[in-house]
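Colleague:
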Amino acid sequence: MFNGQLEKIIKRRRSIRRYKPDPPPEEWIERILEATKWAPSPSNLQPVRYIRIRSKDIKEKLRDEMNRGKERLLKSLDVSNSSKKLKRWIEVYYSRYSIFMFDAPVLFVVGIQKDKKGFYERIAQLNPAINYNRESVLDISVGISICHFILMAEQMGLGTCILTTPFIFIEDINKLLCIDTINFKCFITLGFPAESPYPPEKNSISDIYIQI
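One gets the working numbering by counting positions in the sequence shown from 1 and adding 643 to each.
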């Protein structure tokens with residue numbers, strides 16, 4: 644019977660960028676990951692992997708690499724005489740939408756296992772003429788799995804934020820993490836919220852719902 648609880652959880656969820664210092668209990672984190680296991684995926688491949696970054700050394704290497712990446716971008720703009728506005732964007736996206744992840748109590752990097760082979764890939768191997776983009780097929784698995792992650796966290800009173808901007812500043816994350824079996828797609832922060840962001844404006848149903 645519909646009681647509207649899931650709808651309330653969906654609508655109250657926000658991207659949280661400021662966290663209280665205390666980490667969530669380990670059993671809470673495992674319950675969130677348990678929820679991600681039930682996310683659907685093409686051919687039930689279950690290719691999504693969550694790597695929790697706990698090492699201070701790895702975090703420091705990531706931060707250093709991102710800082711170098713930002714400086715590389717800014718330097719390339721100097722060479723091309725790009726606008727000051729673009730440079731400001733880089734600074735804002737670095738300081739506002741990237742670096743905060745190192746202050747979160749829990750940090751994950753999420754990706755898809757490279758060796759997973761589903762129906763599309765097997766057919767493409769038999770017929771090279773088939774236009775097959777493996778990552779585009781499996782990327783949907785990451786999105787669905789993360790949806791389970793953030794909604795379960797919201798239900799438990801935890802905040803999350805999905806980050807893709809850091810990848811702009813990181814040259815080779817597989818090499819940095821010493822993991823070459825996963826195609827990484829995003830970071831996720833997790834913890835008790837220390838802010839209550841105002842609800843962002845969303846599209847209307849007429850904007851997103853098309854009948855043909």
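Glycine is no exception: its CB is placed at the ideal position from the N, C-alpha and C atoms.
1) Tell me Ser658's beta-bridge partners as DSSP assigns them.
2) In angstroms with no decimal places, state the Cα-to-Cα distance between Pro771 and Lys702.
3) Please list the terminal residues of the continuous alpha helix (DSSP H) segment that includes Gln756.
4) So, for Pro748: in the same chain, excluding its five sequence neighbours on each side, which residues have a beta-carbon less than 8 Å away from its beta-carbon?
5) Can you give the Cα-Cα distance for Ile783 and Val752, rounded to whole angstroms?
6) Since Ile694 sits in a beta bridge, which residues does DSSP pair it with?
7) Should the region 840-850 be called in touch with the region 818-826, which here means at least 3 C-beta pairs below 8 Å?
8) By the 10 Å Cβ neighbour count, where 16 or more other Cβ atoms means buried, how is Thr807 classified, buried or exposed?
9) Please classify Val722 as buried or exposed, where buried requires at least 16 other C-beta atoms within 10 Å of its C-beta.
10) Helix or strand or just coil, what does DSSP make of Leu688?
11) Between which two residues does the alpha helix (DSSP H) holding Thr679 run?
12) By the 10 Å Cβ neighbour count, where 16 or more other Cβ atoms means buried, how is Leu705 classified, buried or exposed?
13) Considering only C-alpha positions, which residue in the set Phe827, Ser839, Glu838, Ala837 is nearest to Arg695?
14) By the three-class DSSP mapping on this structure, what secondary structure does Ile793 have?
15) Under 8 Å, do Ser719 and Phe812 count as touching if we go by C-beta distance?
16) On the criterion of 16 or more Cβ atoms from any shown chain inside 10 Å, does Glu670 qualify as buried, or is it exposed?
17) For the beta strand (DSSP E) containing Phe830, name the first residue and the last one.
18) Gly761 and Pro685 look like a contact to me (Cβ under 8 Å); what is the Cβ gap, rounded to whole Å?
19) Is it right to say Phe830 is buried, meaning 16 or more other beta carbons lie within 10 angstroms of its own, or is it exposed?
Modeller: The relevant details are as follows:
1) Position 15 of the sequence shown, counted from the start, is the residue given in the question as residue 658. Looking at the DSSP output, Ser658 sits in a beta bridge with Thr803.
2) The residue labelled residue 771 in the question sits at position 128 within the sequence shown. The residue labelled residue 702 in the question sits at position 59 within the sequence shown. Rounded to the nearest angstrom, the two C-alpha atoms are 41 Å apart.
3) Counting from 1 along the sequence shown, the entry for residue 756 is found at position 113. Note, Gln756: premise wrong, no alpha helix (DSSP H); beta strand (DSSP E) at 749-756.
4) The residue labelled residue 748 in the question sits at position 105 within the sequence shown. Closer than 8 Å at Cβ, skipping near neighbours: Tyr662, Lys663, Pro664, Asp665, Pro666, Pro667, Leu833, Gly834, Phe835.
5) Locating residue 783 in the sequence shown gives position 140, counting from the first residue. Locating residue 752 in the sequence shown gives position 109, counting from the first residue. Rounded to whole angstroms, Ile783 to Val752 spans 16 Å at the Cα level.
6) Walking along the sequence shown from the start, residue 694 turns up at place 51. Paired residue(s): Val752.
7) The region 840-850, when compared against the region 818-826, does not touch it at the 8 Å Cβ threshold.
8) Counting from 1 along the sequence shown, the entry for residue 807 is found at position 164. With fewer than 16 Cβ atoms within 10 Å of its Cβ, Thr807 is classed as exposed.
9) Indexing the sequence shown from 1 puts residue 722 at position 79. Classification for Val722: exposed.
10) Counting from 1 along the sequence shown, the entry for residue 688 is found at position 45. Secondary structure of Leu688 (DSSP, three-state): coil.
11) In the sequence shown, residue 679 corresponds to position 36, counting from 1. Looking at the DSSP string, the run of the alpha helix (DSSP H) that includes Thr679 is 669-680.
12) On the sequence shown, position 62 is the one that residue 705 refers to. With a 10 Å radius around the Cβ and a threshold of 16 neighbouring Cβ atoms, Leu705 comes out buried.
13) To locate residue 695, count along the sequence shown from 1; it is residue 52. The shortest C-alpha separation from Arg695 is found at Phe827.
14) To locate residue 793, count along the sequence shown from 1; it is residue 150. Helix.
15) For this step, residue 719 is matched to residue 76 along the sequence shown. For this step, residue 812 is matched to residue 169 along the sequence shown. Ser719 is not a Cβ neighbour of Phe812, given a cutoff of 8 Å.
16) By one-based count along the sequence shown, residue 670 stands at place 27. The residue is exposed, with fewer than 16 neighbouring Cβ atoms inside 10 Å.
17) Numbered from 1 along the sequence shown, position 187 holds the residue referred to as residue 830. Taken as a continuous stretch (DSSP letters only), the beta strand (DSSP E) holding Phe830 covers 825-834.
18) Numbered from 1 along the sequence shown, position 118 holds the residue referred to as residue 761. Numbered from 1 along the sequence shown, position 42 holds the residue referred to as residue 685. That belief holds up - the Cβ atoms of Gly761 and Pro685 are roughly 5 Å apart, short of 8 Å.
19) Within the sequence shown, the letter at position 187 stands for residue 830. Around the Cβ of Phe830, a 10 Å sphere holds 16 or more other Cβ atoms; the residue is buried.
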